[in-house]
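Colleague: Submitted below is the structure of interest, expressed as structure tokens.
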Amino acid sequence: MLSKSSTKRRSRLSGLTVVAVAVAATLAVPAPPAMAATTANVWLTTPDRANLLRQQGSVSFGSGGSGSVITVNPNTTYQSMVGFGASFTDAAAWNINNSPRRDEIMNALFNPGSGVGLSFLRQPIGATDFSRSFYTYDDGAADPSLSRFSVAHDNAYILPLVKQAKALNPKLAVMGTPWSAPAWMKNTNNLVGGSLNDSQVGTYADYLVKFAQAYGSAGVPIDYLSVQNEPNFSPPAYPGMKMTSGQQVNIINNLAPKLRSAGLPAKILGYDHNWDDTAFPQQVNSGAGNNVAGSAWHCYGGNPSGQSTVHNAQPGKDIFFTECSGTESGNTFADSLRWQGTNLAIGATRNWARTVTTWNMALDAGHGPVIGSCTNCTGVVTTNGSNVTYNAEYYVLGHLSKFVQPGAVRIDSTGYGDGGVQNVAFRNPDGTIVLVALNTGGTQNFQVSYGGQSFGYSLPGGAMATFTWPGTGGTTPPPTGRTGAISALGKCLDVTGGSTANGNRPQQWDCTSGPNQQWTLASDGTVRGLGKCLDVTGNGTADGTAVQLWDCFGGGNQRWTPGANGSLVNAGSGKCLDVTGGGTANGTQVQLWTCTGGPNQRWTVPA
């Protein structure tokens, strides 16, 4: 979990100012839509705990105000959101399962109505530093056929809690991450330290497939997998192993086809380590190509702008924020609220993260059980007999997860640095607007502007607030239309890697009838796959302009009309969807080109 100096995390990063501002690639729109509501609802958490995600009186648009202005513009969109949550480590699951208030805790964590509706879990594949013992799912002598593979360890208290969480929130997504391969696969024959033997790459990939199959059979489908937690770090006293970017590429390129052959939908994320190394994830994204959906990130080094560095270099790849533990090292609830609000709730999401994930779901009063070096880590919840404490992590996550639905898109809002009212905004699938604000200075008055109207608010120093109001332009339901495969030159148009990240470029691939090859020719003229639209990059008109996936907004660069000879003609440019170079190799991308009637522009579309 934690890199060597992670327990000094706040002393190293507490002065961080989030300065990375992501650049939107959508079509510029002059003004937001007209207001759909006249009031905004408000929920508040204050650093003195007097208000803990407590609903306040509503505020009226048109009431004016003073101070800095946060302008929310739903027409400029960024990444779509997957969810917010933490991990049922062995220790966390043990603590919650043995609490006499188990069901109360689970409802507070996962129930979208009575609780905060956590919507993402990152589940360890085997033991971590927060486990009661060392284990993997195939321990003992070498077992290349994996005949002894079993997740029986998890049946006692981990899987029951994960299943209960999914029952409470059916929209919950689950990711799996290993800390170590079984010892017999490693060059040290030990769960602690070392690395994977090159000869075991295929077997290790099979091991991860078996994990996804076992959890799926237990009623917990795995949505995402990474292949190694913190690959740049070799823990000295608990399970872990180092892994180079080249090794990750090799493993991912072995794992991806095996997942497909097994009919498993899990997407693979590379890296899974700190903000301070941006080369590693780019190397994995490049080397694994369509087999990797993107990269996963931790908070124990660097700052959130590292995510934008990778996104800007490789915009077709997803960014997931997957781990950050709180600590209790002389810091107060107020400090944790500010640090996590600044760097996770706002910093990670304003730098393209589709998830915000802390670490342990629950620890006991002694910060355990733990077999690693972090003896002052905190969980989302602390259990102590019949007593339960909800920590700053709970409220930081709750200010997001209770209001930002899976499938929401981040939208543009005016950003302010350290000392100001930092913020991030989202539009839910039903059109609801969510603004999360954190005051990093003293009590401040500010205004929120949306659709030509505004309201004023006074936020106490160090406080966090979520504002919601009905908006327009919800992303569901989508327009109706004909759905099926779109093909040319004997190949099918394919969402590369199944990734729904804005900027992902579709490709030609062998036809599989998979969901990433199902397209809807919608009644509004858009062509939609996996909830995104075929989009001409930058509203371009030049031959060779890239065609990408982007959030749907119906601009001319997203509307296509079936034309002569099977062509698909773009409304914004009058040019055709074209298979680059007439290539027939898997992975050939599509582009915009002057209509020629050639075979690489003749598309068979759903009837």
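For the sequence shown, the positions run -36 to -1, 1 to 571 when mature numbering (1 follows the signal peptide of the UniProt record, and there is no 0) is used.
Virtual Cβ for every residue (Gly too), placed ideally from N, Cα, C.
1) Cβ of I232 within 9 Å of Cβ of N255?
2) Counting Cβ pairs closer than 8 Å, one from the region 385 to 399 and one from the region 8 to 18, do we hit at least three?
3) Ordered along the chain, which non-local residues of its own chain (more than five positions away) have a Cβ less than 8 Å from that of residue 601?
4) Buried or exposed: S477, going by 16 or more other Cβ atoms within 10 Å of its Cβ?
5) Pick out the complete beta strand (DSSP E) segments inside the region 211 to 259, 3 residues or longer, and give them in chain order.
6) Give, in chain order, every unbroken run of the alpha helix (DSSP H) that is at least 4 residues long and sits entirely within the region 142 to 186.
7) Taking the alpha carbon of I122 as the point to measure from, which residue in T152, R86 and G381 has its own alpha carbon closest?
8) What are the residues that DSSP puts in a beta bridge with G290?
9) Quick one: is residue 578 buried, meaning 16 or more other Cβ sit within 10 Å of its Cβ, or exposed?
10) Near P470, what residues of its chain come up, given a Cβ to Cβ distance below 8 Å and the 5 sequence neighbours on each side ignored?
11) Let me check understanding here. Comparing Cα to Cα, which of W557, L532 and G551 lies closest to P570?
12) What are the boundary residues of the beta strand (DSSP E) that D54 is part of?
13) For C497, which residues does DSSP report across the bridge?
14) Which residues does DSSP list as the beta-bridge partners of residue 606?
15) Starting from the Cα of A147, find the closest Cα among G536, T501, G204 and I186 and give me that residue.
16) At 3 residues or longer, what runs of the beta strand (DSSP E) sit wholly inside the region 64 to 94?
17) Give the list of continuous alpha helix (DSSP H) stretches no shorter than 4 residues that lie fully inside the region 293 to 365.
18) Cβ of G336 within 9 Å of Cβ of F94?
19) Quick check: the Cα distance between Q164 and D118, rounded to an integer number of angstroms?
20) Please check the pair N75 and L160, which I expect to be a contact at CB under 8 Å, by giving their CB distance rounded to whole angstroms.
21) Can you look up T2 in the DSSP assignment and give me helix, strand or coil?
22) Answer with buried or exposed for E287, where buried requires no fewer than 16 other C-beta atoms within 10 angstroms of its C-beta.
23) Anyone know if the C-beta pair for Q408 and G31 falls short of 9 Å?
24) In the DSSP assignment, find the unbroken alpha helix (DSSP H) run with S272 in it and report its ends.
25) Check the C-beta distance from V345 over to T339 and give it rounded, since I have them as a contact under 8 Å.
26) Would you say the region 227 to 244 touches the region 263 to 274, given that touching needs at least three Cβ pairs under 8 Å?
27) Would you list the residues sitting across from L189 in a DSSP beta bridge?
28) Between the Cα of V156 and those of L16, M149 and S144, spot the shortest distance and give me the residue it belongs to.
29) Tell me the rounded alpha-carbon separation between A(-3) and N468.
30) Please classify E194 as buried or exposed, where buried requires at least 16 other C-beta atoms within 10 Å of its C-beta.
31) Taking the alpha-carbon of residue 625 as reference, which of G280, D103 and L327 has the nearest alpha-carbon?
32) What separation, rounded to the nearest whole angstrom, lies between the Cα atoms of N307 and P268?
33) Counting along the chain, where does the alpha helix (DSSP H) carrying L123 start and finish?
34) Would you identify the three-state DSSP class for N196, choosing helix, strand or coil?
35) Among V274, I375 and S365, whose alpha-carbon lies nearest the alpha-carbon of S78?
36) Hey, R302 and T404: beta-carbon distance below 9 Å or not?
Modeller: Walking through what the data contain:
1) For the purposes of this step, residue 232 is taken as the residue at position 268 of the sequence shown. For the purposes of this step, residue 255 is taken as the residue at position 291 of the sequence shown. Yes, Cβ-Cβ distance for I232 and N255 is below 9 Å.
2) Cβ pair count under 8 Å is below three, so no.
3) Outside the modelled stretch of the chain, which goes from -36 to 571, sits residue 601, for which no answer is possible.
4) Counting from 1 along the sequence shown, the entry for residue 477 is found at position 513. Exposed is the call here.
5) For the region 211 to 259, the full-length beta strand (DSSP E) segments reaching 3 residues or more read 231 to 238 along the chain.
6) List check, alpha helix (DSSP H) in window: 165 to 181.
7) Translated into positions along the sequence shown, residue 122 becomes position 158. Comparing Cα-Cα distances from I122 to each of T152, R86 and G381, the minimum goes to R86.
8) Counting from one through the sequence shown, the residue named residue 290 turns up at place 326. Per DSSP, T342.
9) No statement about residue 578 is possible, as the shown extent of the chain runs from -36 to 571 and does not include it.
10) Translated into positions along the sequence shown, residue 470 becomes position 506. Closer than 8 Å at the Cβ level, and outside the excluded window around P470, lie L457, D458, V459, T460, G493, L498, V511, Q512, L513, Q553 and V554.
11) Numbered from its first residue, the sequence shown carries residue 570 at position 606. Nearest of W557, L532 and G551 to P570, Cα basis: L532.
12) Counting from one through the sequence shown, the residue named residue 54 turns up at place 90. Where D54 is concerned, there is no enclosing beta strand (DSSP E), although the alpha helix (DSSP H) it sits in stretches over D54 to N61.
13) Start at 1 with the first residue of the sequence shown, and residue 497 comes out as number 533. Per DSSP, the beta-bridge partners of C497 are R492 and W514.
14) In the structure displayed, the chain extends from -36 to 571; residue 606 sits before or after that span and is not available.
15) One-based indexing of the sequence shown puts residue 147 at position 183. Closest by alpha carbon: G204.
16) Counting whole runs of 3 or more residues, the region 64 to 94 contains the beta strand (DSSP E) stretches 84 to 89.
17) The region 293 to 365 contains these whole alpha helix (DSSP H) runs: 297 to 304 and 356 to 365.
18) As a position in the sequence shown, residue 336 is number 372, starting the count at 1. As a position in the sequence shown, residue 94 is number 130, starting the count at 1. The answer is yes: Cβ separation under 9 Å.
19) Residue numbering aside, residue 164 sits at position 200 when the sequence shown is read from its first letter. Residue numbering aside, residue 118 sits at position 154 when the sequence shown is read from its first letter. Within the model, the alpha-carbon separation for Q164 versus D118 is close to 24 Å.
20) As a first step, residue 75 is located in the sequence shown; it is residue number 111 there, counting from the start. As a first step, residue 160 is located in the sequence shown; it is residue number 196 there, counting from the start. About 40 Å; that fails the 8 Å criterion.
21) Taking the sequence shown and counting its residues from 1, one reaches residue 2 at position 38. Three-state result, T2: coil.
22) As a position in the sequence shown, residue 287 is number 323, starting the count at 1. Under the 10 Å beta carbon count, E287 is surrounded by 16 or more other beta carbons and is classified as buried.
23) Counting from one through the sequence shown, the residue named residue 408 turns up at place 444. Counting from one through the sequence shown, the residue named residue 31 turns up at place 67. For Q408 and G31, yes; Cβs fall inside 9 Å.
24) As a working mapping, residue 272 is identified with position 308 in the sequence shown. Its alpha helix (DSSP H) spans residues S269 to A277.
25) Looking up residue 345 in the sequence shown gives position 381. Looking up residue 339 in the sequence shown gives position 375. Not confirmed; about 18 Å, so no contact.
26) The region 227 to 244, when compared against the region 263 to 274, does touch it at the 8 Å Cβ threshold.
27) In the sequence shown, counting from the first residue as 1, residue 189 sits at position 225. In DSSP, L189 forms a bridge with G140 and I232.
28) Counting from 1 along the sequence shown, the entry for residue 156 is found at position 192. It is S144.
29) Here residue -3 refers to the residue found at position 34 of the sequence shown. Here residue 468 refers to the residue found at position 504 of the sequence shown. Unreliable positioning characterises A(-3) in this predicted model, as indicated by a pLDDT of 44, which lies under 50. A coordinate reading is not provided.
30) Counted from its first residue, the sequence shown places residue 194 at position 230. By the 10 Å Cβ count, E194 comes out buried.
31) Shown here, the chain extends from -36 to 571; a query on residue 625 therefore has no answer.
32) On the sequence shown, position 343 is the one that residue 307 refers to. On the sequence shown, position 304 is the one that residue 268 refers to. Cα-Cα distance, rounded: 7 Å.
33) Here residue 123 corresponds to residue number 159 of the sequence shown, with the count starting at 1. Unbroken alpha helix (DSSP H) run through L123: I122 to L132.
34) Along the sequence shown, read from residue 1 onward, the residue named residue 196 stands at position 232. Secondary structure at N196: coil, using DSSP grouped into helix, strand and coil.
35) Counting from one through the sequence shown, the residue named residue 78 turns up at place 114. The candidate whose alpha carbon is nearest that of S78 is S365.
36) Start at 1 with the first residue of the sequence shown, and residue 302 comes out as number 338. Start at 1 with the first residue of the sequence shown, and residue 404 comes out as number 440. Closer than 9 Å, so yes.
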